Amino acid sequence: AQSVTQPDIHITVSEGASLELRCNYSYGATPYLFWYVQSPGQGLQLLLKYFSGDTLVQGIKGFEAEFKRSQSSFNLRKPSVHWSDAAEYFCARVGGSQGNLIFGKGTKLSVKP
Amino acid sequence: EAGVTQFPSHSVIEKGQTVTLRCDPISGHDNLYWYRRVMGKEIKFLLHFVKESKQDESGMPNNRFLAERTGGTYSTLKVQPAELEDSGVYFCASSQRSRATTEAFFGQGTRLTVV
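Set out below in structure tokens:
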């Protein structure tokens with residue numbers, strides 16, 4: 006069955022430090038992959054998506070993600086974290102042809118001053 | 467342009483009561499999705515409307531849940547009677563086309579607590 010795994014439930018980084026959030030998917034040679042962010046009191050906002058082509062994808066807010074087929078991974082990165090990046094991050098893949106999504110459990114990011 | 471709007475933002479009800487959640491999608495979006503996140507778990511797909519028709523309701527947990535989208539505009543999700551395990555955050559999303567590559571826009575969610 007299709008699934009998405011985010012192995013880290015909670016990560017704390019210092020402001021200005023680099024960030025990498027892990028995401029692994031199962032089943033499917035080239036899945037359609039997404040990263041969403043949910044800030045407190047807000048809805049889910051799309052950070053970036055990967056469908057095909059260049060495996061390094063640029064998103065909003067300075068985030069990027071790299072699709073690695075050999076590792077079934079789609080890790081999210083940011084070179085320098087800002088306090089406003091504190092939020093919960095969700096990796097997702099399309100679950101069917103109609104666009105419904107399969108999500109990971111989410112990774113909560115805390116940022117230390 | 468208004469985004470996806472969900473009402474209420476929070477709801478606390480007693481076990482056995484009925485609750486109705488509402489979602490107003492982005493204008494012109496034919497596709498509307500409901501998701502739910504139970505605490506500590508993944509956000510899970512519940513169902514998908516194309517206009518007023520249910521395209522896929524494979525994620526609906528049981529027959530205590532009833533979703534409607536009369537006229538293909540806003541949608542309601544009714545839970546009757548509510549049970550403790552129904553507590554969680556219910557998200558609504560909408561998109562222009564029901565394709566795997568079409569971005570879905572999410573509402574802020576309704577946090578439902580059943581006591």
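Read top to bottom, the protein sequences are chains S and H.
If you count by my numbering, then the first sequence holds residues 6 to 118, one letter each, in order.
If you count by my numbering, then the second sequence holds residues 467 to 581, one letter each, in order.
By construction, the Cβ of each residue, glycine as well, lies at the ideal position given by its N, Cα and C atoms.
Note that the structure is a prediction, hence the values are computed from the model and not measured.
Legend entry - Chain-order list of residues whose beta-carbon lies under 7 Å from that of residue 7 of chain S (same chain, five-residue window excluded): For residue 7 of chain S, where only same-chain residues beyond five positions count, the Cβ hits under 7 Å are 31, 32, 33, 98, 100, 107.
Legend entry - Beta-carbon proximity list for residue 36 of chain S, same chain, < 6 Å, skipping 5 on both sides: 30, 98
Inset, instruction - Sort H:525, H:498, H:484 by Cα distance to residue 580 of chain H and report the nearest one. - result: H:484
Legend entry - Complete runs of the beta strand (DSSP E) confined to the segment 43-77 of chain S [at least 3 residues]: 49-55, 61-63, 69-73
Inset, instruction - From the DSSP output, in three-state form, read off residue 89 of chain S for me. - result: helix
Inset, instruction - Please compile the residues from chain H whose C-beta is within a distance smaller than 9 Å of the C-beta of residue 30 of chain S. - result: Scanning chain H for C-beta atoms nearer than 9 Å to the C-beta of residue 30 of chain S yields nothing, as the closest lies near 13 Å away.
Inset, instruction - Tell me, please, whether the CB atom of residue 94 of chain S is closer than 8 Å to any CB atom in chain H? - result: no
Legend entry - Local conformation of residue 536 of chain H per DSSP, three classes: Secondary structure of residue 536 of chain H (DSSP, three-state): helix.
Inset, instruction - Under 7 Å between beta-carbons, which chain H residues line up against residue 103 of chain S? List them in chain order, please. - result: Taking the beta carbon of residue 103 of chain S as reference, the chain H residues within 7 Å of it are 514, 521, 522, 564, listed in sequence order.
Inset, instruction - Give a yes or no on whether 8 Å exceeds the smallest Cβ distance from residue 55 of chain S to chain H. - result: no
Inset, instruction - In the DSSP assignment, find the unbroken beta strand (DSSP E) run with residue 110 of chain S in it and report its ends. - result: Premise fails: residue 110 of chain S is in no beta strand (DSSP E) and is neither H nor E.
Inset, instruction - Report the neighbours of residue 507 of chain H on chain S: residues whose CB is nearer than 9 Å to its CB, in chain order. - result: 110
Inset, instruction - Would you verify that the beta carbon of residue 493 of chain H is, or is not, closer than 8 Å to some beta carbon of chain S? - result: Not one chain S Cβ lies under 8 Å of residue 493 of chain H.
Inset, instruction - With 8 Å as the threshold, decide whether the Cβ of residue 38 of chain S is near any Cβ in chain H. - result: no
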